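Structure first, then comments.
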Amino acid sequence: MSGAVRWLVAGAGFTGAVVAERIARTLDQRVLIVDRRDHLGGNAYDFSDADGNVIHKYGPHIFHTGSDRIWEYLSQFTDWRPYVHRTMVAIGDRLVTLPFNLDSLQQVFPGPAADRISAALVADHGFGTRVTIGKLLDSPNPAIAEFARFLHENVYLNYVRKQWDLKPEELSPSVLARLPVSISHDDRYFQSRHQAMPAGGYAALFERMLAHPRIEIALNTEFADARARHPSAKVVYTGPIDAYFDHRHGELPYRSVRFDLSFAAGEKSQPVGTISYPGADGYTRVTDLSHITGQTSRSVLVKEFPEAYARGRNEPFYPVPTPQSAEMLRPYVEAAGKLRGKVWFAGRLGDYAYYNMDQACGRAMALVDKELAGAA
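Structure (structure tokens):
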């Protein structure tokens, strides 16, 4: 590859990879994408182990999007295997459909009680709607409020405590809004128009995306080292925004996760892809990857143990969405704004935002279209 590196992209997950591909293809400029890990794909990375088991190294990643543009863009780099994710939650000794819907009511409550709650939900909110637990808790209808308290105590409360080490009311309402109650018989976890898995896996998708003559890839590479070699390059940084500024305004809070793997003979050792365990000790959910990957010879079970993030010990997977975090973020956003034109921040860690994969793609595409193209 000839010519100077015009752009340096830090991080080869969805945001960084899409930015690099868009710069190379639409701006026709040379870009170096670096990652301190030994693989592309960020937390979506997957691989086959020595026994041929398909592993999602950083936990299950199920692709879904309501955007035709994002779907068509990614379809340049992969074929798709249709997959609709379904989940359940363990309440006592029962497995119950999740997100909670009208069928879940019949699984948990005696017939007359379930019918009464169902009728109240449909009357107050309409069949086919999806309503947040917060709104249901505030309902003036006694049947709905009692149902909401049951859900809060048996599903949301302990799960949130383990996942975030916080009470539900301490989090941004957007967190609980990610798992609304479905006033229908729809048992799909996601409602997006497009739901599928990359037919060849995520790793292959990223390899194809970045196979462009104007893209150079450097793995096992620290951003600071690459920056020192290319001091004049414009930067798109997708790592933790506080790390870029050496935590000068304090460390932002993140949550991490430990993944424990186990194996079972044959496919689909669970009835659905993921089962949540609010009452379990330490872990939040177990995913059977054979549902997701289509693997038929063996089930790979992934058990997730949320834990505090400690720099240098584990990975920062989730920004913690609280008012206090937003206040801590403010000086970093102000500092980042002063660098715009030379450095841009994006992605779940760069924006300190709880993005899904398609949202990370959309953020990257918009960044190139609206800002980087004018700075090229």
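Just so we're aligned, residue 151 is where the sequence shown starts under the working numbering, counting upward by one. Backbone N, C-alpha and C fix where the C-beta goes; we use that ideal spot for every residue, glycine too. Values in this document were obtained by computation on a predicted structure and should not be read as measured data.
First through last residue of the alpha helix (DSSP H) which encompasses T446:
Where T446 is concerned, there is no enclosing alpha helix (DSSP H), given that its DSSP letter is neither H nor E.
Going by the CB atoms, is the gap between R280 and P330 shorter than 8 Å?
yes
Limits of the beta strand (DSSP E) - the one that P348 falls within:
344–348
Assess, as a yes-or-no matter, whether the stretch 196–208 is touched by the stretch 384–395 under the definition of 3 or more beta carbon pairs within less than 8 Å.
The stretch 384–395 is not in contact with the stretch 196–208.
With three or more beta-carbon pairs closer than 8 Å as the criterion, would you say the stretch 442–450 touches the stretch 406–413?
yes
Is DSSP giving H302 helix, strand or coil here?
Judged by DSSP in its simplified three-state form, H302 adopts helix.
Quick one: residues in its chain with C-beta nearer than 7 Å to the C-beta of G540, no 5 flanking neighbours on either side, listed in chain order?
The chain is shown from 151 up to 526; residue 540 falls before or after that span and cannot be answered.
Considering only the beta carbon of each residue, do D508 and H214 sit closer than 8 Å?
yes
Quick test of your reading: S332 and P428, contact by CB under 8 Å. State the CB separation rounded to the nearest angstrom.
Contact doesn't hold; Cβ gap of about 18 Å is too wide.
Quick test of the definition: if touching needs 3 or more C-beta pairs under 8 Å, does the stretch 254–266 touch the stretch 343–362?
No contact exists between the stretch 254–266 and the stretch 343–362.
Quick check: Y468 and Y505, are their CB atoms within less than 8 Å of each other?
no
Helix, strand or coil for R187? Go by DSSP, reduced to three states.
Taken through DSSP and simplified to helix, strand or coil, R187 comes out as coil.
Run through DSSP, which three-state label would R364 get?
coil
Quick check on the DSSP output: the alpha helix (DSSP H) that includes I333 runs from which residue to which?
Where I333 is concerned, there is no enclosing alpha helix (DSSP H), given that its DSSP letter is neither H nor E.
Proximal residues to E171 (C-beta, below 6 Å), its chain only, five neighbours per side dropped:
M359
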